[in-house]
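This report refers to the structure that appears directly beneath it.
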Amino acid sequence: MSDAPIPTWCIVGSKNENENRGAIQLIEISAAGERSEPKSLSWAEFTSYVAECEREGPRRWVWHDTAARYSALLDAGVRVERCYDLRLCHQILAASDSVSAKTELLAASEWLVAADSADSTHSNNEPTLFDIEARPRHRTAPATLDAAMLEFERQRAALATAKNAARLSLLLSAESAGALIAAELTHAGVPWDETEHNRILTDSLGEKPPLGSKPERMQALALAIREALGDPLASVDSPPKLLRSLRAAGIEVSSTSKWELAEHEHPVVPLLLEYKRMARLFTANGWAWLDEWVHDGRYRPVYVPGGVVTGRWASSGGGALQIPRQLRPALCADPGWLLVSADVSQLEPRVLAAMSGDRAMAAAGAGKDLYAGIVESGAVSSRQDAKIAVLGAMYGSTTGDAGRLVPRLRLAFPQAMRLVDQAAAVGEQGGLVSTWLGRTSPPPADEWLELQSAASMPEASRRDEEIARRTAREFGRFTRNFVVQGTAAEWALAWMAELRLRLTQFEPISEGQALASGPVFSRHPHLAFFLHDEVIVHTPAEHAEAVSTAITESAAKAGKLLFGEAPVDFRLDLRVSERALKD
DNA sequence: TATATCTGCGCG
DNA sequence: AAAGCGCGCAGATATA
Numbered sequence: 024m025s026d027a028p029i030p031t032w033c034i035v036g037s038k039n040e041n042e043n044r045g046a047i048q049l050i051e052i053s054a055a056g057e058r059s060e061p062k063s064l065s066w067a068e069f070t071s072y073v074a075e076c077e078r079e080g081p082r083r084w085v086w087h088d089t090a091a092r093y094s095a096l097l098d099a100g101v102r103v104e105r106c107y108d109l110r111l112c113h114q115i116l117a118a119s120d121s122v123s124a125k126t127e128l129l130a131a132s133e134w135l136v137a138a139d140s141a142d143s144t145h146s147n148n149e150p151t152l153f154d155i156e157a158r159p160r161h162r163t164a165p166a167t168l169d170a171a172m173l174e175f176e177r178q179r180a181a182l183a184t185a186k187n188a189a190r191l192s193l194l195l196s197a198e199s200a201g202a203l204i205a206a207e208l209t210h211a212g213v214p215w216d217e218t219e220h221n222r223i224l225t226d227s228l229g230e231k232p233p234l235g236s237k238p239e240r241m242q243a244l245a246l247a248i249r250e251a252l253g254d255p256l257a258s259v260d261s262p263p264k265l266l267r268s269l270r271a272a273g274i275e276v277s278s279t280s281k282w283e284l285a286e287h288e289h290p291v292v293p294l295l296l297e298y299k300r301m302a303r304l305f306t307a308n309g310w311a312w313l314d315e316w317v318h319d320g321r322y323r324p325v326y327v328p329g330g331v332v333t334g335r336w337a338s339s340g341g342g343a344l345q346i347p348r349q350l351r352p353a354l355c356a357d358p359g360w361l362l363v364s365a366d367v368s369q370l371e372p373r374v375l376a377a378m379s380g381d382r383a384m385a386a387a388g389a390g391k392d393l394y395a396g397i398v399e400s401g402a403v404s405s406r407q408d409a410k411i412a413v414l415g416a417m418y419g420s421t422t423g424d425a426g427r428l429v430p431r432l433r434l435a436f437p438q439a440m441r442l443v444d445q446a447a448a449v450g451e452q453g454g455l456v457s458t459w460l461g462r463t464s465p466p467p468a469d470e471w472l473e474l475q476s477a478a479s480m481p482e483a484s485r486r487d488e489e490i491a492r493r494t495a496r497e498f499g500r501f502t503r504n505f506v507v508q509g510t511a512a513e514w515a516l517a518w519m520a521e522l523r524l525r526l527t528q529f530e531p532i533s534e535g536q537a538l539a540s541g542p543v544f545s546r547h548p549h550l551a552f553f554l555h556d557e558v559i560v561h562t563p564a565e566h567a568e569a570v571s572t573a574i575t576e577s578a579a580k581a582g583k584l585l586f587g588e589a590p591v592d593f594r595l596d597l598r599v600s601e602r603a604l605k606d
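This note's numbering puts the first residue of the first sequence at 24, with every later residue one more than the last.
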């Protein structure tokens, strides 16, 4: 065994069609393409086999769905270094407009469906009356080794026909690494100080109310609001009813949103704003959230890698990507451990500078705040204007301050602006655009295309034309932003993937200092939180310094991996602390 | 009665 | 300000 070449790929399937955690079958493929005989293993044999293989050297575990497969391995205390996620890679390859031969891939769309979603333990499968037409059951791919093998071959064949195969292959690796990271993030959890969270809630809302009722402070405020409106029956929680009460009280608003309310001078306004602030905290991240999502000092959100069309991660349950800044102090290292947080300053404009090869824009961000650099270049006169202009350029703003400022950016940074302007032009025509590594945007919906062609008919009305132009511009703004947001997501994946590998190389700390919870990360620095352009590493205090260095070096490495020697500097804002306080 | 859609607001 | 991108979630309301 020790002299045998380490396989490059290890295809993993279940013995039974619909079962993910029972007996396993696998086949190994060497770098030269030689295949082993299939092995059959019990689940327990499989976990120790994986652990043994990982000690031996790197190989890529190929499986249907990392979320299902790897979280089970982690629960068994086993980590892997690399994988290839057939579902996520299918998604990318099937959508790619640079893959020329993918008929078979498109026919195998069952690989887009998560392995868990057809879980037979979720046995409430009986179709309801409306199910038949309204919701065709999505079949997931069969879990067998044969099926995985066939899909893997389809994907390799498709990749081989891609114009940008090298980059696309990098994207498939990065996406798969992201899937591993997401599973590990959930496994490790975010160290969460429930006492601090409780304190924040109590400070802001008062004592925890009995189940089913609102905090007294909110009730009192609601009363004061009804009084100020002179409407004892006014509802504070129902927007339509509140709107009627506001208008009856002479406040001319068209919605009850806080930014519109803030424009009016009326005694009720500050009360309402305060109520809304409290209601938001109470319903979104109150005691109920704490009960549901935090256990044993760990908040375990569920991340969904590749869940956003652009390639960003989404989250499902727990609201990992929407934790309010107000609660950041509850994110707190365990005793003897520290948090190292890093966020990238102005990631998206820097990515734009790199991918467009705009040296002026790269220079504006070199070694400093990019917005300050843009001011220094003379394009605009204040940091605030620079920010509005840059965001406006990436989002496609045409009115207001942004509308005035973006043209100045177009003069100062023509290459960067040409890239986003062209992406927008393609989208307005209904075309496809791709990120730097080759993730392709989805085509416009059929209704969009119908709208456009209807508007070009001679009998089209003015109104038809207007609607068509508006939706065309909307789609253009989407494709404009897609290339930048999507490439930034790729950079972030590369950053985290590199960092993850570096973190595994730290010497484990001694048993005595280990964390009580979780076997896999109890003695190593590990990623604890991710939010588009920000990571938080939970680390034994003695490694904090070296972790900071690893984060910085990983950022530089990600830049090189994607953009080679492009002179773009990805600046980090780094902080080492016990609590992840922000600002 | 259960699901779909809308509103408002949190995050980048 | 929300003009201008991408999300998720809770609660209220609309719909089958």
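Beta carbons are placed, not taken as given, at the ideal position from N, Cα and C, and that holds for glycine.
Just so we're clear, the structure is a prediction, and the values are computed from it rather than from any experiment.
Q.
For the pair the segment 271-291 and the segment 163-171, tell me if three or more CB-CB distances fall below 8 Å.
A. no
Q) How about Ser278 and Ala185: are their beta carbons less than 8 Å apart? A) Stepping through the first sequence from its first residue, residue 278 is reached at position 255. Stepping through the first sequence from its first residue, residue 185 is reached at position 162. Not in contact: Ser278 and Ala185 (Cβ atoms no closer than 8 Å).
Q. Between Ser571, Val413, Tyr107, Leu234, which lies nearest to Leu432 when the distance is taken from Cα to Cα?
A. As a working mapping, residue 432 is identified with position 409 in the first sequence. Of the listed residues, the one whose Cα sits closest to Leu432 is Val413.
(Q) Assuming Pro324 and Gly341 are in contact, meaning their beta carbons sit under 8 Å apart, how far apart are those beta carbons, in whole angstroms? (A) Along the first sequence, read from residue 1 onward, the residue named residue 324 stands at position 301. Along the first sequence, read from residue 1 onward, the residue named residue 341 stands at position 318. The Cβ separation is near 4 Å, so the contact holds.
Q.
So, under 8 Å CB-CB, Leu361 and Ala567 are touching, yes? Tell me the CB distance rounded to an integer number of Å.
A. Taking the first residue of the first sequence as 1, we reach residue 361 at position 338. Taking the first residue of the first sequence as 1, we reach residue 567 at position 544. Confirmed, Cβ separation roughly 4 Å.
Q | Check whether Thr463 and Ala118 have beta carbons under 8 Å apart | A | Translated into positions along the first sequence, residue 463 becomes position 440. Translated into positions along the first sequence, residue 118 becomes position 95. Cβ atoms of Thr463 and Ala118: closer than 8 Å.
**Q.** Environment of Asn504 [buried if 16+ CB atoms lie within 10 Å]
**A.** On the first sequence, residue 504 is found 481 positions in, with the first residue counted as 1. With 16 or more other Cβ atoms within 10 Å, it is buried.
Q: Label Asn39 either buried or exposed according to how many other C-beta atoms from any shown protein chain fall within 10 Å of its C-beta, with 16 as the threshold for buried.
A: Within the first sequence, residue 39 is the residue found at index 16, counting from 1. When all chains shown are included, Asn39 counts as exposed.
Q: List in chain order: all unbroken beta strand (DSSP E) runs of 3+ residues lying wholly within the segment 417-455.
A: none
Q: Quick one: which unbroken alpha helix (DSSP H) runs of 4-plus residues sit fully inside the segment 211-274? Chain order, please.
A: 217-228, 239-252, 262-271
Q. Is it true that the segment 593-605 meets the segment 528-544, where meeting means three or more beta-carbon pairs spaced less than 8 Å apart?
A. no
Q. With 16 other CB atoms within 10 Å as the buried threshold, where does Gln407 fall?
A. Within the first sequence, numbered from 1, the residue matching residue 407 stands at position 384. With fewer than 16 Cβ atoms within 10 Å of its Cβ, Gln407 is classed as exposed.
Q. If we count Cβ pairs, one from each stretch, closer than 8 Å, do we get three or more for the segment 173-182 versus the segment 288-298?
A. no
(Q) Here's a check: name, in chain order, each residue in its chain whose Cβ is nearer than 6 Å to the Cβ of Ala425, leaving out the five neighbours to either side. (A) The residue given as residue 425 occupies position 402 in the first sequence. For Ala425, where only same-chain residues beyond five positions count, the Cβ hits under 6 Å are Ile411, Gly415.
Q) If you compare alpha carbons, which of Ala515, Gly212, Cys76 is closest to Arg594? A) Residue mapping note: residue 594 aligns to position 571 of the first sequence, counting from 1. Looking at the Cα atoms, Ala515 is the closest of the given residues.
Q. Using CA coordinates, which residue listed in Glu521, Lys264, Leu224, Pro233 is at the minimum distance from Ala307?
A. Residue numbering aside, residue 307 sits at position 284 when the first sequence is read from its first letter. Closest by alpha carbon: Leu224.
Q: Determine the direct distance from the alpha carbon of Ser196 to that of Ala607, and round the result to whole angstroms.
A: Outside the displayed span of the chain (24 to 606) sits residue 607, for which this structure offers no information.
Q. Going by C-alpha distance, which of Phe501, Tyr326, Val507 is nearest Ala343?
A. Numbered from its first residue, the first sequence carries residue 343 at position 320. The shortest C-alpha separation from Ala343 is found at Tyr326.
Q) Which term fits Asp319, buried or exposed, when burial requires 16 or more other beta carbons within 10 angstroms of its beta carbon? A) The residue given as residue 319 occupies position 296 in the first sequence. With fewer than 16 other Cβ atoms within 10 Å, it is exposed.
Q) Should Leu584 be counted as a contact of the ligand PLP given a C-beta to heavy atom distance under 7 Å? A) No copy of the ligand PLP appears in this structure; indeed no ligand is present at all.
Q) When the distance is taken between beta carbons, is Leu116 closer than 8 Å to Leu97? A) Here the question's residue 97 lines up with position 74 in the first sequence. Here the question's residue 116 lines up with position 93 in the first sequence. No, Cβ-Cβ distance for Leu97 and Leu116 is not below 8 Å.
Q: Could you tell me the distance, in whole angstroms, from the CA atom of Ala387 to the CA atom of Ala569?
A: Translated into positions along the first sequence, residue 387 becomes position 364. Translated into positions along the first sequence, residue 569 becomes position 546. If you take the alpha carbons of Ala387 and Ala569, they lie about 29 Å apart.
**Q.** CB contact flag (Ile50, Pro61, <8 Å)
**A.** Here residue 50 refers to the residue found at position 27 of the first sequence. Here residue 61 refers to the residue found at position 38 of the first sequence. Against a cut-off of 8 Å, the Cβ pair of Pro61 and Ile50 comes out as a contact.
Q | Given Tyr322 as reference, the closest of Cys112, Glu207, Ser65, Arg102 once Cα atoms are compared | A | Counted from its first residue, the first sequence places residue 322 at position 299. Considering only alpha carbons, the answer is Glu207.
Q. When you compare only the Cα positions, how much space is there between Tyr107 and Leu526?
A. Locating residue 107 in the first sequence gives position 84, counting from the first residue. Locating residue 526 in the first sequence gives position 503, counting from the first residue. C-alpha separation (whole angstroms): 21 Å.
Q.
Please report the distance separating the alpha-carbon of Ile155 from that of Phe552.
A. Within the first sequence, residue 155 is the residue found at index 132, counting from 1. Within the first sequence, residue 552 is the residue found at index 529, counting from 1. Note that Ile155 has pLDDT 37, beneath the 50 cutoff, so the model's placement of it is unreliable and the number below is only indicative. Looking at the two C-alpha atoms, the distance is approximately 41 Å.
Q) Who are Thr167's beta bridge partners in DSSP? A) Here residue 167 refers to the residue found at position 144 when the first sequence is read from its first residue. Answer is Ser37, bridged to Thr167.
Q) Should Pro159 go down as buried or exposed, given a rule of 16 or more other Cβ atoms within 10 Å for buried? A) Numbered from 1 along the first sequence, position 136 holds the residue referred to as residue 159. Residue confidence for Pro159 is low, a pLDDT of 46 falling below 50, so the modelled location carries little weight; the figure read from the coordinates is stated next. Classification for Pro159: exposed.
Q.
Could you tell me the alpha carbon to alpha carbon distance between Ala447 and Met417, rounded to whole angstroms?
A. Counting from one through the first sequence, the residue named residue 447 turns up at place 424. Counting from one through the first sequence, the residue named residue 417 turns up at place 394. When rounded, the distance between both Cα atoms is 10 Å.
Q) Which ranges would you report for the alpha helix (DSSP H) in the segment 41-102 if only whole runs of at least 4 residues count? A) 66-79, 89-98
Q: Evaluate contact between the segment 220-234 and the segment 257-274, counting only Cβ atoms and requiring at least three cross-stretch pairs below 8 Å.
A: no
Q: Please report how far the alpha carbon of Glu470 lies from the alpha carbon of Thr31, in whole angstroms.
A: In the first sequence, residue 470 corresponds to position 447, counting from 1. In the first sequence, residue 31 corresponds to position 8, counting from 1. One C-alpha to the other measures close to 45 Å.
Q: State the start and end residues of the unbroken alpha helix (DSSP H) segment that holds Arg486.
A: Locating residue 486 in the first sequence gives position 463, where the first residue counts as 1. From DSSP, the alpha helix (DSSP H) with Arg486 extends over 485-527.
Q) Excluding the five sequence neighbours on either side, which residues of its own chain have a C-beta within less than 7 Å of the C-beta of Gly359, listed in chain order? A) Residue 359 sits at position 336 when you count from the first residue of the first sequence. So the qualifying residues of the chain are Gln536, Pro563, Ala564.
Q) Quick one, which of Ala46, Leu296, Ile204 has its alpha-carbon nearest Leu244's? A) Within the first sequence, numbered from 1, the residue matching residue 244 stands at position 221. Nearest option by C-alpha distance: Leu296.
Q) Going straight from the alpha carbon of Thr167 to that of Asn41, what length do you get? A) As a working mapping, residue 167 is identified with position 144 in the first sequence. As a working mapping, residue 41 is identified with position 18 in the first sequence. Rounded to whole angstroms, Thr167 to Asn41 spans 8 Å at the Cα level.
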